[in-house]
Structure formats: C-alpha cells, structure tokens
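Here the UniProt record's numbering is used: the first residue of the sequence shown is 1, the next is one more, and so on.
In this text, a Cβ means the ideal position worked out from N, Cα and C, and glycines have one as well.
Predicted model only: the values in this text are computed from it and were never measured.
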Amino acid sequence: MVRTYHRVRADYYWIGLYADTIKHVESCEDCSTSKSKPHLQGYSPGNLVSERLFRIVSLDFVIPLPKTTRGNTALLLFQDHFTGFVIAKAMSETGALEVAKVFEQCVFRRFGAPSLIRHDRDPRFMSEVFQKFSEMMQSRSRATLSYRPQANGQQERSVKAMIQTVRAYVKDPLQADWDDIAEKLVHAINNSRDSTRRETPFYLVHGWDARSTLKAMTESVKQGHRGQSDSTGAKEWRRESNRQREVALRLAAEFQLKEKARRAKEHNEALSRVERRAIPIQDQHSAELPISEGPSAELPTSGATSAELPDSDEPSVESTQSLFKEGDQVWLFMERVKSGLTKKLAHRWHGPFRIKKNVEEFAYELELPDKSGY
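Below, the structure written as structure tokens:
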C-alpha cells in the first residue's frame with residue numbers, strides 16, 4: 001500500500017489520497033488471494049485450565065508407524081489436562097468407529113465422561129461418528145484452530161515426549177516392538193514428577209505413589225500407633241491419604257493457573273509493536289502491554305476509513321482490536337492446493353465469506369456455499 005501511495009503521490013495529489021489508495025488496493029481480489037500467510041504472532045489468551053480430574057481430555061494420533069508383530073500401525077494418546085495423566089493405546093485400525101471404541105475402553109470405563117474433548121482437526125475426530133459419540137456421552141467436542149497446534153500444546157508436548165522416549169528403547173532393527181515399549185513407558189511417564197504441577201500424574205489421579213522396588217506405597221503416610229486395631233489403622237491411613245491428596249490437587253490447580261498465566265504474559269510481552277496492536281481491547285489491561293495510539297485503518301473486511309500516512313515508509317498497522325463481528329466478510333486461508341499445482345503459485349486465500357456466528361473467542365463459523373468443498 002505504501003509503495004503504491006508513493007508512486008501515485010509522485011505525480012498527483014488530492015485530499016484523502018492515502019485513504020483512497022488503501023481502498024483501491026484492498027478492492028483488488030487477486031492481490032488479496034495471492035498473498036502468503038502473515039508471519040505475525042497472535043495474542044495469547046492463555047491455555048485451557050481444568051478445575052478437576054478428567055474434565056478436559058485431549059487426544060492425538062501418532063501415525064504412521066512401522067507395523068509391529070501384533071499388527072499395530074498407530075498410537076493413540078489420551079491426556080487429562082488437570083493431572084497430565086497419559087493413556088496410550090496401540091491400534092491396527094484407525095477409523096472413527098475404532099477411535100470411539102478405544103475412547104470408551106480407555107477413558108470412559110475408568111474415569112467417566114469428560115465435559116470437554118480436545119483434539120486437532122483430524123478427519124477421524126471431526127467425523128460424524130465421533131461427534132455423535134461425544135454427544136452420547138454429553139461431552140463437548142472442541143477442535144483446535146487450523147494451523148494452530150499451540151492451541152493443544154500440552155497434548156503436542158506429550159506426543160513429542162512419548163516418541164523421544166520410545167525411540168531410545170526400540171531394539172528391533174525393523175522397529176516392530178514399539179507398541180510393547182510404548183505401553184510400558186506410559187507407566188514411567190505417569191510416575192515422573194511434573195515440573196508445573198510439582199507432583200506425579202499417578203499420585204494426583206490415585207492418591208498414592210505407585211509401588212516400586214525403591215519405595216513402598218505407604219512410606220509417605222503416617223502409620224497407626226502400636227496397639228491399635230487393623231481397622232483403626234486403616235481408617236487413619238485413608239483419612240491421612242485423602243487429606244494429602246486434597247492438598248496436592250489444590251496446589252496442582254494453583255500451580256497450573258500461575259504457570260499458564262506466566263507463559264501467556266511472557267508470550268504477549270515478546271510481541272512486536274505491530275503484533276501488539278492486535279490485542280483485543282478487553283484484554284489490553286490484563287496483558288499489561290503498551291498499546292501504541294494514533295490513527296489506524298479499520299479491518300479490511302469492514303471497509304477502509306481515512307488514515308494519515310506515517311512518517312516512515314513502514315506500512316500502516318491495521319488494528320484488529322475490535323476483532324470480527326457477525327456479518328463481517330473475511331478471507332479463508334487454505335494450505336492445501338489441487339493435485340498437480342504448486343503452493344508457490346496458488347491463490348490460497350478464498351472468499352470473501354460472511355461470518356455466521358462467533359463460536360468462541362477466536363473461532364468463527366462462516367457461511368460457505370453448498371457443495372463448495374471447503
């Protein structure tokens with residue numbers, strides 16, 4: 001826009017020249033659809049915070065993997081957001097129905113139905129079969145935004161840790177024993193101290209430390225006095241064990257809340273001047289970031305208004321502080337292109353499409369034409 005403005009200003013001038021230049025450039029459909037995806041980092045509102053055990057469960061596939069001696073080719077990982085407890089299931093069939101069956105077997109039978117199921121946009125999780133399964137459990141299925149794996153960062157880190165650990169223990173030259181190793185290593189991961197929660201996931205879920213060759217289960221719990229009956233000692237053990245677990249769960253919730261808030265604040269403070277302009281108005285105070293003031297253009301989808309040209313040649317920053325509203329027209333970015341075409345020359349912005357409704361803070365549903373393939 002700035003280059004076009006300077007090129008026109010070299011020969012012409014009229015009142016509102018810069019605003020007219022912006023309007024002209026934004027009206028060019030080819031210019032809009034052929035641009036690459038912006039590299040600016042967005043504002044972080046902080047990750048999801050769970051208030052209790054297995055209220056939020058995330059899942060993700062590690063696929064494809066070498067076929068094992070038991071015929072497995074994929075590893076499905078579940079994780080509780082509150083405790084960090086991990087469940088792994090090696091699978092030979094990876095259809096939506098098989099995913100629902102494994103969820104029922106590994107999560108529902110042991111811990112009940114979660115309130116929220118967090119996953120990426122894998123077709124198996126987005127399928128009608130899995131969505132109906134979620135509705136049957138009265139659980140809300142929530143997918144991450146496209147091209148935004150950070151939205152499910154805890155699960156992504158869990159997948160990375162699992163793969164790194166399995167890689168260190170695989171002995172078969174053909175890597176055909178990873179399924180047996182993965183299921184064993186889950187126990188080790190769940191009994192490792194979590195740096196954020198400051199306890200092991202196993203203890204937060206069960207209320208005691210797993211028995212090992214190094215430590216008996218009840219060593220950290222005060223034993224009954226000599227002369228007491230077995231029933232009295234058992235009651236005191238249970239009372240003390242429950243008290244310790246309640247304290248651990250309360251502290252784990254506090255530690256998670258502080259750590260996630262710290263990470264979000266650290267991310268937002270590292271944003272550039274241009275990126276800070278995109279912080280929603282309602283979050284500017286909580287983010288504690290200096291928002292530069294001055295004239296700016298409205299959202300491209302709402303139509304450009306007059307704005308002054310900055311002194312430097314740096315393009316003006318378009319504020320998105322108002323975010324999007326229902327009825328606004330927006331462009332939809334699609335990474336994939338038709339077979340035989342190259343991404344370098346493809347127009348990957350499609351639309352514009354009208355916003356149908358605001359699903360969540362940063363998620364919107366668009367009005368798409370029937371049988372459009374989007």
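- In this structure, DSSP gives Lys67 a state outside helix and strand, which the three-state scheme calls coil.
- CA-CA distance, Ile163 to Ala88, rounds to 12 Å.
- By the CB criterion at 7 Å, Leu53 and Phe82 fall inside the cutoff.
- Only exposed fits Ser92, as fewer than 16 other CB atoms lie within 10 angstroms of its CB.
- Comparing alpha carbon positions, the residue from Ser58, Arg70, Leu75, Val57 closest to Pro64 is Leu75.
- The residue among Leu332, Met136, Ser27, Pro369 with its C-alpha nearest the C-alpha of Ala100 is Met136.
- Here the alpha carbon of Lys23 sits roughly 20 Å from the alpha carbon of Ser36.
- Looking at Gly340, Val337, Gly327, Glu360, the one whose alpha-carbon comes closest to that of Leu368 is Gly327.
- Counted as a single uninterrupted DSSP element, the beta strand (DSSP E) harbouring Gln79 occupies residues 74-80.
- Between the alpha carbons of Arg55 and Asp20 lies a distance of about 52 Å.
- The C-beta separation of Ser58 from Gln79 comes to about 5 Å, placing the pair in contact by the 8 Å criterion.
- The region 108-125 makes no contact with the region 189-203: fewer than 3 CB pairs, one atom from each, lie closer than 8 Å.
- Classified as exposed, Arg3 has fewer than 16 neighbouring CB atoms from the shown chains inside 10 Å of its CB.
- Straight-line measurement puts the Cα of Gly84 at about 16 Å from the Cα of Arg110.
- When DSSP states are grouped into helix, strand and coil, Arg193 belongs to the coil group.
- According to the DSSP assignment, Met91 belongs to the beta strand (DSSP E) that extends over 86-91.
- Counting along the chain, Val25 sits inside the alpha helix (DSSP H) bounded by residues 17-26.
- If you check the CB distance, Glu259 and Thr196 come in under 7 Å.
- The beta carbon of Glu98 lies closer than 8 Å to those of Met91 in the same chain, with the five residues before and after it left out.
- Spatial neighbours of Arg198 in its own chain (CB-CB distance under 8 Å, excluding positions within 5 residues in sequence) are listed in chain order as Leu251, Ala252, Phe255.
- The beta carbon of Val170 sits closer than 8 Å to the beta carbons of Asp177, Trp178, Ile181 from its chain, once the five residues preceding and following it are set aside; these are given in chain order.
- With 16 or more other CB atoms across the displayed protein chains lying within 10 angstroms of its CB, Asp194 is buried.
- In this structure, the alpha-carbon of Glu26 lies about 20 Å from that of Met334.
- In the three-state DSSP reduction, Val49 falls in the coil class, being neither helix nor strand.
- The straight-line gap separating the alpha-carbon atoms of Leu332 and Phe353 is approximately 7 Å.
- Straight-line spacing of the CA atoms in Asp30 and Ala346 works out to 11 Å.
- Distance between Ser141 and Pro123, taken at the CA atoms: about 13 Å.
- Nearest C-alpha to Thr144 among Thr342, Met126, Phe133: Met126.
- When rounded, the separation of the alpha-carbon atoms in Asn72 and Gly95 is 13 Å.
- Assigned with DSSP and collapsed to three states, Gln138 falls in coil, not helix or strand.
- Of the residues Asp60, Asp120, Arg70, the one whose Cα lies closest to the Cα of Val102 is Asp60.
- Per DSSP, Ser272 is not a residue of any alpha helix (DSSP H), being assigned neither H nor E.
- In chain order, Phe54, Val57, Phe78, Ile87, Pro114 place their CB closer than 8 Å to the CB of Val107, counting only its own chain and leaving out the 5 sequence neighbours on each side.
- Around the beta carbon of Tyr203, a 10 Å sphere encloses 16 or more other beta carbons of the protein chains shown; the residue is thus reported as buried.
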